[in-house]
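Each residue of the sequence shown is one higher than the one before, starting from 7 at the first, in our numbering.
Here the structure comes first, spelled out in structure tokens, and everything after it is commentary.
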Amino acid sequence: MSISPILCFHYRRRQAFVSMKGILLVLAVLLPLITLADNGNQDSLQRIIKYSRYNIAKADALVALSEIEYTSNIDSVIPLCTEAVDLLDSDISDSSAKANSRKLFIKAHALNNIGAVYYQKGILRKAIDFYLAGLKLRDSLGDKEGMAESYNNLGVVYKSQGGITQAIDYYRKSLELYRETGNLQGQATATGNIGSLFASENKNDTASAYFSKMYLLEDSGGNTEGMVKALYNTAVIYQTEGKYTEALEICFQSLDLLGKIDDDQDKADILYLIADLEYFTNNFPKADEYGRKALKAYQDMGFPDNILSAAHLLYRLYNDEKKWKDALEMYVIYSSMHDSVNNTETRRQIIQKVLEYEYARKEDQNRHEQEKRELLQTAESKREKLATILAVLIAVSAAIIASLVFRSLKTTRKQKGIIEEQKLLVEEKNKDILDSITYAKRLQDAILPPMSLIEHYFPESFVLYKPKDIVAGDFYWLAPLPPEGGSKSSPSFDSKIPHSGGRGALIAACDCTGHGVPGALVSVVCSNALNRAVKEFHITEPGKILDKVRELVMETFATAGEVRDGMDVSLCCIDRATGTILWSGANNPLLYVQNGTLAEIRPDKQPVGKFEIDSPFTTHTVPATVTSLYLFSDGFSDQFGGPNGKKFKYARLKQTLLAISGRPMHDQKELLEKEFTQWQGNLQQTDDVCVIGISLV
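See the structure below:
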């Protein structure tokens with residue numbers, strides 16, 4: 007048995023903090039199926055890998071080791087399995103049918119394990135490729151158990167992509183094969199997975215039927231943990247249908263079953279669900295009791311996502327009961343967990359912690375049974391080892407020494423050649439990657455307006471643009487205003503400012519989610535949305551432009567689920583036909599100089615993208631006596647440096663802009679760039695930098 011991304015699929019309900027109206031069913035973390043190597047000993051596997059003369063034995067040990075490393079060092083799985091595949095492909099020591107079948111069997115497991123890692127990392131296309139490659143080998147061997155596992159894994163990947171039809175097809179193929187082999191655990195897994203798909207489509211009756219079948223299969227196989235998961239899923243469905251009494255009965259039945267096994271996580275989940283159900287039925291004392299128990303259990307296990315949900319439930323409960331002190335306590339816990347869960351690295355650690363916890367629990371369950379097997383095997387193993395050692399020492403000691411010396415020299419030369427070959431391969435791949443990113447920069451440069459166009463509308467202006475990497479998440483944008491249909495507002499600045507023609511233009515400094523390649527991809531989406539808002543929807547008021555851009559960006563990322571990609575922006579409309587300056591901002595402010603003083607217009611505290619509460623963006627009118635405007639991202643003020651390695655900070659940026667505001671614009675750019683370089687010193691650039699200055703006199 008090799009790594010499979012799921013033991014038994016069950017789904018859990020979690021409510022968003024900003025909405026109390028509906029129940030959102032989401033998929034639970036997928037748990038890997040880890041099977042310990044027969045010797046259960048990582049050191050033994052390492053010795054086989056190091057000293058065995060047989061490539062098949064080495065490859066088998068490498069794959070077994072990868073299944074142990076999967077929970078504690080997932081990044082090592084692909085190198086271990088790749089090495090195993092290379093050994094098997096290059097082995098010519100035994101070409102018998104039995105040996106070839108064994109090679110294909112091990113290789114199929116290695117490919118499956120690589121697919122599992124790519125799935126966990128979210129690289130779904132590669133996960134599918136490796137699962138299909140493993141499936142092909144298992145099909146050629148007639149390995150029905152392995153094929154069932156591969157079909158299950160493919161179903162998991164397609165489900166995560168939203169491919170419900172393909173996922174059901176793969177799950178049903180998995181179920182059919184498990185039925186042929188008589189594997190009750192496998193049948194329960196596939197049945198539960200199919201039920202979860204129907205539940206995600208709100209087909210509750212069908213889902214309940216599958217969960218009932220799953221329960222019966224788990225009961226027949228004596229798997230209490232699986233029985234609990236089937237009951238839990240059924241309880242969640244009852245909750246969505248408002249059948250709170252029936253759901254509570256099932257939850258307490260699950261708690262009784264959990265008394266027979268050691269499964270803290272499932273127990274915590276059921277305690278949380280009971281608390282939620284008691285809350286919905288206004289039984290606040292019971293909701294408090296079980297909610298506190300669930301929160302403590304999640305805190306003991308260290309699962310931030312679950313702590314977030316439990317704290318949020320208790321916050322709502324105490325808020326309804328007007329227990330303000332307790333409500334504040336829960337809100338503090340919720341806020342700290344919210345920041346933690348939204349952090350990409352923390353979410354990776356959450357998955358890793360779940361895997362480690364599940365692995366440790368299963369290892370503990372198997373320890374007693376494994377010890378019995380080892381006691382029976384120890385005596386026989388000792389006798390066999392002693393006989394083998396004596397025979398080898400007596401018969402071929404001299405030959406072994408000579409062979410070891412020869413093999414050592416041969417291996418050293420071979421490894422040196424492999425290292426050189428791998429070095430060249432890495433260098434070539436790095437060059438390909440760099441060439442691709444450089445080409446991506448040319449594509450991104452194409453969305454940036456040329457300085458000649460900016461100077462056409464704003465002759466006295468500058469753009470300080472410093473990407474952190476080759477490509478950037480920051481960008482600047484300009485769109486000419488249409489020749490007629492301007493605003494009817496009264497003039498707010500001298501319409502005779504220097505310009506080369508045209509009614510005027512919209513100009514913006516934009517800061518997209520992330521930097522580097524991810525930020526650049528988001529910047530293309532956001533730039534396109536800005537262009538559509540102006541050219542396709544004919545909007546020129548800044549606040550309404552940002553409203554439309556948010557709508558277009560969220561529409562683009564709609565298929566990505568809870569993705570919060572978007573941008574912070576400072577957007578200005580300078581209309582010479584009416585003599586008005588209008589501005590709107592998302593998280594980034596506008597600075598302007600008026601009568602020798604630097605003033606600020608604060609932005610709306612929300613991004614252009616998915617946010618807890620979406621409010622219309624505000625359009626501000628800039629005063630009539632402004633002499634210069636500054637639009638910017640947060641990259642300049644966030645740069646670390648100076649004598650103590652601290653941030654430049656927003657206040658220092660304001661002082662700097664005021665100090666240089668009387669200079670010509672091209673001088674201001676040079677002074678800003680010099681100030682940034684001196685502050686940065688030898689430290690790395692922290693973020694992309696974009697600053698736009700425009701003179702209106």
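We treat Cβ as the ideally placed atom computed from N, Cα and C, and that holds for glycine.
Beta-bridge partners of Gly525 (DSSP): none assigned. Residue state for Ile698 is assigned as strand, using DSSP reduced to three classes. Taking Ile174 as the centre and dropping the five residues before and after it, the same chain places the C-beta of Gly161, Ile200, Leu203 closer than 8 Å to its C-beta, in chain order. Counting C-beta pairs closer than 8 Å gives fewer than three between the region 600-611 and the region 646-656, which falls short of the contact rule. Here His672 is exposed: its Cβ has fewer than 16 other Cβ atoms, across all protein chains shown, within 10 Å. Nearest to Met560 by C-alpha distance, out of Thr584, Glu542, Ala535, is Ala535. Burial check for His544: the Cβ neighbour count within 10 Å stays below 16, so the residue is exposed. Note that the region 85-103 does not touch the region 147-166; fewer than 3 beta-carbon pairs, one per stretch, sit closer than 8 Å. Of the residues Gly140, Phe646, Tyr471, the one whose Cα lies closest to the Cα of Met457 is Tyr471.
In the three-state DSSP reduction, Phe682 falls in the helix class (H, G or I). In this structure, DSSP gives Lys653 an extended state, which the three-state scheme calls strand. Residue burial annotation: Gln661 is exposed, with fewer than 16 other C-beta atoms found within 10 angstroms of its C-beta. Within the same chain, Gly549, Ser590, Asp610 come within 8 Å of Thr624 by CB-CB distance, once the 5 residues on both sides are set aside. Residue environment: Asp66 is assigned as buried (16 or more neighbouring CB atoms within 10 Å of its CB, all protein chains considered). Gln600: member of the beta strand (DSSP E) spanning 596-600, first to last residue. Glu679 has its alpha-carbon roughly 13 Å from the corresponding atom of Gln691. When beta bridges are read from the DSSP output, Cys87 appears opposite no residue. One thing to note: Leu68 has its Cβ within 7 Å of the Cβ of Ala90. If you draw a 10 Å sphere on the C-beta of Val398, you find fewer than 16 other C-beta atoms in it, and that means exposed. Distance from the Cα of Glu252 is smallest, within the candidate group Leu263, Thr240, Asp262, Leu261, for Thr240. Taking a C-beta distance under 7 Å as the contact criterion, Ile54 and Ala63 qualify as a contact pair. DSSP places Leu484 in the uninterrupted beta strand (DSSP E) bounded by 480-486. For the 7 Å CB-CB criterion, Gly227 and Gln191 form a contact.
Note that the region 332-346 touches the region 309-323; at least 3 beta-carbon pairs, one per stretch, sit closer than 8 Å. From the listed residues Val123, Gly423, Cys578, the smallest Cα separation to Leu86 is found for Val123. In the structure shown, the three-state DSSP call for Thr546 is coil. Put simply, of Arg59, Gln52, Leu51 the residue whose alpha carbon is nearest the alpha carbon of Ser409 is Arg59.
Judged by DSSP in its simplified three-state form, Glu606 adopts strand. Shown here, Ala515 sits in a strand according to DSSP, grouped into three states. For Glu224, same chain residues with a beta-carbon under 7 Å away, outside a window of 5 residues either side, are Ala194, Gly232, Met233, Ala236 in chain order. Relative to the Cα of Tyr278, the nearest Cα in the group Arg538, Lys329, Gln305 belongs to Gln305. Judged by their CB atoms, Ala196 and Ser180 are nearer to each other than the 7 Å cut-off. Taking a C-beta distance under 7 Å as the contact criterion, Val599 and Ser667 qualify as a contact pair.
Beta-bridge analysis with DSSP links Trp589 to Cys578, His626.
In the DSSP assignment, Ser634 falls within the unbroken beta strand (DSSP E) covering 632-638. In the three-state reduction of the DSSP assignment, Val469 falls in the strand class.
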